[in-house]
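K.L.:
Going by this note's numbering, the residue at position 62 of the sequence shown is 62; the numbering climbs one at a time, nothing skipped.
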Amino acid sequence: MGHILLPKTHSFAHQKSLPMPNALTIPRSTTWETLQKSKNLAAVTTLATGLSSANAELRHLCLQSLLARNEEPARREIVLNWKNYDEKDTSLLRSKRTQFGELTKRLLTGGSLSEKKMALAAIATLDLHDALEEILELVVDTSHALCAQATECLTLMCVRWGAQARLGKDVPTVRGRILSCVSDQLALFHQHGSQSLVDAWLSVVHWDDAGLRSLIRDPRQSAYRAVMSRLRECDRPAVVQLLAGYVARATTPKNVIKILVERRDTAMAIEIAKLSDSHTWQARLKRLRQLPPLASLKAIEAEMSQMNVELEYRLWLMVAASSDDLRQVLRGALRLSKLGTRDARQTAAEMLRLCRRPELETLVPAIQAAEFETDDNEYSLGILTQHIATWLASPSQVLAKAAREFLQDFTVDNLLDQVRHWPTQMAKAMAKIVVLVEPNVTERLTRELQSPAPRRRLAALQATQLLDCADLVSQTLMPLLDDPRLEVRVRTIDLLGALGHEALEQLIPELLADANTDIQDAANRAVRRMKRTKAKVTKQ
1 MGHILLPKTH SFAHQKSLPM PNALTIPRST TWETLQKSKN LAAVTTLATG
51 LSSANAELRH LCLQSLLARN EEPARREIVL NWKNYDEKDT SLLRSKRTQF
101 GELTKRLLTG GSLSEKKMAL AAIATLDLHD ALEEILELVV DTSHALCAQA
151 TECLTLMCVR WGAQARLGKD VPTVRGRILS CVSDQLALFH QHGSQSLVDA
201 WLSVVHWDDA GLRSLIRDPR QSAYRAVMSR LRECDRPAVV QLLAGYVARA
251 TTPKNVIKIL VERRDTAMAI EIAKLSDSHT WQARLKRLRQ LPPLASLKAI
301 EAEMSQMNVE LEYRLWLMVA ASSDDLRQVL RGALRLSKLG TRDARQTAAE
351 MLRLCRRPEL ETLVPAIQAA EFETDDNEYS LGILTQHIAT WLASPSQVLA
401 KAAREFLQDF TVDNLLDQVR HWPTQMAKAM AKIVVLVEPN VTERLTRELQ
451 SPAPRRRLAA LQATQLLDCA DLVSQTLMPL LDDPRLEVRV RTIDLLGALG
501 HEALEQLIPE LLADANTDIQ DAANRAVRRM KRTKAKVTKQ
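Here you go:
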């Protein structure tokens, strides 16, 4: 080792009772050996002066030497110099943490204010819980000078051991004692009213702890209102995590569920996603579909760019399962479908399967309204639904299947039902999607056009016009010109006239001579339409 730099008028022995200057370097090995073998407490004092040195190597060597001495004065000096240590020092101290439990407890009990301050710092760093009762006394005494530091110390301890339990790595011998001590003080909430203690308790409890289950169900307990208030308002990660964990529990009380779904902070949604694993994920999504929509998902899109891919996909699936805003769901699904990866497409498809798919009465008016919307409103429900409809022709079977399931109500059968009740423009909007979902409608319409029920024949005629497929069923339409129902004959003439059907053109003189004026009017309309059609063809 190198030589220690000392003023010429002093020997190392003379420095025993003086602070070690920061300019000192490492003493000779023989000097260390003398100090370590010495039973004289002056050696402890000498080594302790090195604990405040700016020379990190010297300070670390002094710390090692003091740790090697099995004497309380040595450990005491280490604690009283706690503010001087760097990460290398504290790493060494953590490996020897068991040496400091009883000492820090005695310092908290009978030490001076400065000694108690250093003891709390050591306890927080080394996670010592021997002095838990003494710490709690400081926490609930809001007038004490060390209340804030004791609270921070307790909270760190509770967060650390609570997190272990929530990750499935509980250490009951440690957390159980912490929980017991904190719970005892919580029972006295009516005396001290410490909100900090409530936060600490919420940080260390686990969803399955009997004490927690009991308190959140019993408004008569003194801390009930404070606990529910903190669950509603506290933004500490540990408290948010605790509340998030209740999503997966079917036995969660309604008062907690209400708080859970009404909290608007996105941290809540993110924590729910993080708490899930591959074994519980599907059950959690199922549970979200059963619960009211989570307010914490409302603004989650703005934070998606900061997420890793796995977390982002989970959050989008949560949006699909929970949100009552279908536009948000469809925006997410379309965004993922454009990323070009298999996982992204799979997630987009899953979103459509999970979402709270609305009735036709909601989607169809939105599609109708989309005809009058500008490009600036590209995220309207109608336009988004039309984008999803394009997936039906996607080369990705996953997307095509998902779109077909999402649009499963856009069928010829449903169109036939709705044309009887809906305005023509609404039915027309629905028909635009029906032709994409069911491109082959000939057989179904033919069967309906031949139905013995007049109402069904009329609906089939209107659907044929809306689907623009009269040419596909023209052979079935001709016999309807002799239908016993006047309304059927009129609608058939209108439809064949719009088509410009040659067979109808040959029948025009006969129809114009019909005794019924409604038939005559329909024939005249057909003549005008066919003339316009021929004029357009000639012009082209």
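Ideal placement from N, C-alpha and C gives every residue a C-beta, glycine not left out.
Source: prediction; values computed, not measured.
Specify whether the stretch 400 to 411 and the stretch 423 to 435 touch according to this definition: at least 3 beta carbon pairs, one from each stretch, less than 8 Å apart.
P.N.:
yes
K.L.:
Since Ala122 contacts Val79 with CB under 8 Å, what's their CB separation in whole angstroms?
P.N.:
To locate residue 122, count along the sequence shown from 1; it is residue 122. To locate residue 79, count along the sequence shown from 1; it is residue 79. That pair is a contact at about 5 Å.
K.L.:
Give a yes or no on whether the C-beta atoms belonging to Ile272 and Met318 are separated by under 8 Å.
P.N.:
Here residue 272 is taken as the residue at index 272 of the sequence shown, counted from 1. Here residue 318 is taken as the residue at index 318 of the sequence shown, counted from 1. The answer is yes: Cβ separation under 8 Å.
K.L.:
With DSSP as the reference, label Asp409 as helix, strand or coil.
P.N.:
Here residue 409 refers to the residue found at position 409 of the sequence shown. Asp409: coil per DSSP, three-state reduction.
K.L.:
Taking 8 Å as the threshold (C-beta atoms), are Leu63 and Leu86 in contact?
P.N.:
The sequence position of residue 86 within the sequence shown is 86, counting from 1. The sequence position of residue 63 within the sequence shown is 63, counting from 1. Correcting the residue identity first, residue 86 is Asp in this sequence and not Leu. No, the pair does not count as a contact, with Cβ atoms beyond the cut-off.
K.L.:
Quick one, which of Asp483, Met118, Arg160 has its alpha-carbon nearest Leu146's?
P.N.:
On the sequence shown, position 146 is the one that residue 146 refers to. When each option's Cα is compared against that of Leu146, the closest is Met118.
K.L.:
Using DSSP with H/G/I as helix, E/B as strand and the rest coil, what is Arg225?
P.N.:
On the sequence shown, position 225 is the one that residue 225 refers to. Three-state result, Arg225: helix.
K.L.:
Taking Ser112 as the reference, which of Asn84, Asn440, Arg76, Lys96 has the closest Cα?
P.N.:
Taking the first residue of the sequence shown as 1, we reach residue 112 at position 112. Relative to the Cα of Ser112, the nearest Cα in the group Asn84, Asn440, Arg76, Lys96 belongs to Arg76.
K.L.:
Going by DSSP in three states, Lys338 sits in which element: helix, strand or coil?
P.N.:
Stepping through the sequence shown from its first residue, residue 338 is reached at position 338. Here Lys338 sits in coil by DSSP.
K.L.:
By a C-beta neighbour count over all protein chains shown, 10 Å radius and 16 as the cutoff for buried, is Asp482 buried or exposed?
P.N.:
Position 482 of the sequence shown, counting from 1, holds the residue named residue 482. The residue in question, Asp482, is exposed, as its Cβ has fewer than 16 Cβ neighbours within 10 Å.
K.L.:
For the alpha helix (DSSP H) containing Arg447, name the first residue and the last one.
P.N.:
As a working mapping, residue 447 is identified with position 447 in the sequence shown. 442 to 449 is the extent of the alpha helix (DSSP H) around Arg447.
K.L.:
Might you give, ordered along the chain, the residues of its own chain that have their beta carbon closer than 7 Å to the beta carbon of Ala150, omitting 5 neighbours on each side?
P.N.:
Within the sequence shown, the letter at position 150 stands for residue 150. Within its own chain, the residues whose Cβ lies closer than 7 Å to the Cβ of Ala150, once the five positions on either side in sequence are excluded, are Leu120, Ile135, Leu138, Val139, listed in chain order.
K.L.:
For Glu262, which residues of its own chain have a beta-carbon under 6 Å away from its beta-carbon, when the five flanking residues on both sides are left out?
P.N.:
Locating residue 262 in the sequence shown gives position 262, where the first residue counts as 1. Result list for Glu262: Ala295, in chain order.
K.L.:
Could you round the C-beta distance between Ala366 and Met351 to whole angstroms and report it? I think they count as a contact, below 8 Å.
P.N.:
By 1-based counting over the sequence shown, the position of residue 366 is 366. By 1-based counting over the sequence shown, the position of residue 351 is 351. 18 Å between Cβ atoms; not a contact.
K.L.:
Hey, is Pro292's beta-carbon within less than 8 Å of any beta-carbon in chain B?
P.N.:
In summary, chain B is missing from the structure at hand, where a single protein chain is found.
K.L.:
Between Pro454, Leu126, Glu115, Thr476, which has its C-alpha nearest Thr446's C-alpha?
P.N.:
Your numbering for residue 446 matches position 446 in the sequence shown. Nearest option by C-alpha distance: Thr476.
K.L.:
Using the Cβ count rule (16 or more neighbours within 10 Å means buried), how would you classify Phe372?
P.N.:
Sequence index remark: in the sequence shown, residue 372 carries index 372 (1-based). Label assigned to Phe372: exposed.
K.L.:
How many Å lie between Ala535 and Pro452 at the Cα?
P.N.:
Position 535 of the sequence shown, counting from 1, holds the residue named residue 535. Position 452 of the sequence shown, counting from 1, holds the residue named residue 452. Here the C-alpha atom of Ala535 lies approximately 38 Å from the C-alpha atom of Pro452.
K.L.:
Under 7 Å Cβ to Cβ from Ala523, same chain only, skipping five residues before and after it: list those, please.
P.N.:
Within the sequence shown, residue 523 is the residue found at index 523, counting from 1. Here the set comprises Ile493, Ile508, Leu511, Leu512.
K.L.:
Whole angstroms is fine: what's the gap from Asp325's alpha carbon to Arg220's?
P.N.:
Reading the sequence shown from its first residue, position 325 is the one you call residue 325. Reading the sequence shown from its first residue, position 220 is the one you call residue 220. Using only the alpha carbons, I get a separation of about 38 Å.
K.L.:
Looking only at its own chain, which residues have a Cβ that is under 8 Å from the Cβ of Lys531, when we skip the five neighbours before and after it?
P.N.:
Translated into the one-based positions of the sequence shown, residue 531 becomes position 531. Contacts found: none.
K.L.:
By the DSSP assignment, the alpha helix (DSSP H) with Ala389 in it spans what residues?
P.N.:
Numbered from 1 along the sequence shown, position 389 holds the residue referred to as residue 389. Element bounds for Ala389: 381 to 389.
K.L.:
Taking Gln397 as the reference, give the member of Ser337, Ala370, Glu359, Val412 with the closest Cα.
P.N.:
Counting from one through the sequence shown, the residue named residue 397 turns up at place 397. That would be Ser337, whose Cα lies nearest to the Cα of Gln397.
K.L.:
Near Leu154, what residues of its chain come up, given a Cβ to Cβ distance below 6 Å and the 5 sequence neighbours on each side ignored?
P.N.:
Your numbering for residue 154 matches position 154 in the sequence shown. In the same chain as Leu154, and ignoring 5 residues on each side of it, the C-beta atoms closer than 6 Å to its own belong to Ile135, Val139, Ala200, in chain order.
K.L.:
By how many angstroms is the C-alpha of Ala74 removed from the C-alpha of Leu67?
P.N.:
Against the sequence shown, residue 67 aligns to sequence position 67. Against the sequence shown, residue 74 aligns to sequence position 74. Roughly 7 Å separates the two Cα atoms.
K.L.:
Between Leu41 and Gly50, is the Cβ-Cβ spacing less than 8 Å?
P.N.:
Here residue 41 refers to the residue found at position 41 of the sequence shown. Here residue 50 refers to the residue found at position 50 of the sequence shown. Going by C-beta atoms, Leu41 is not nearer than 8 Å to Gly50.
K.L.:
Could you give the DSSP three-state label for Ser194: helix, strand or coil?
P.N.:
Walking along the sequence shown from the start, residue 194 turns up at place 194. If DSSP states are grouped into helix, strand and coil, Ser194 belongs with coil.
K.L.:
Over what stretch of residues does the alpha helix (DSSP H) that includes Tyr313 continue unbroken?
P.N.:
Walking along the sequence shown from the start, residue 313 turns up at place 313. Per DSSP, Tyr313 belongs to the alpha helix (DSSP H) from 309 to 322.
K.L.:
In this structure, how does DSSP classify Tyr85 when only helix, strand and coil are distinguished?
P.N.:
Residue 85 sits at position 85 when you count from the first residue of the sequence shown. Three-state result, Tyr85: coil.
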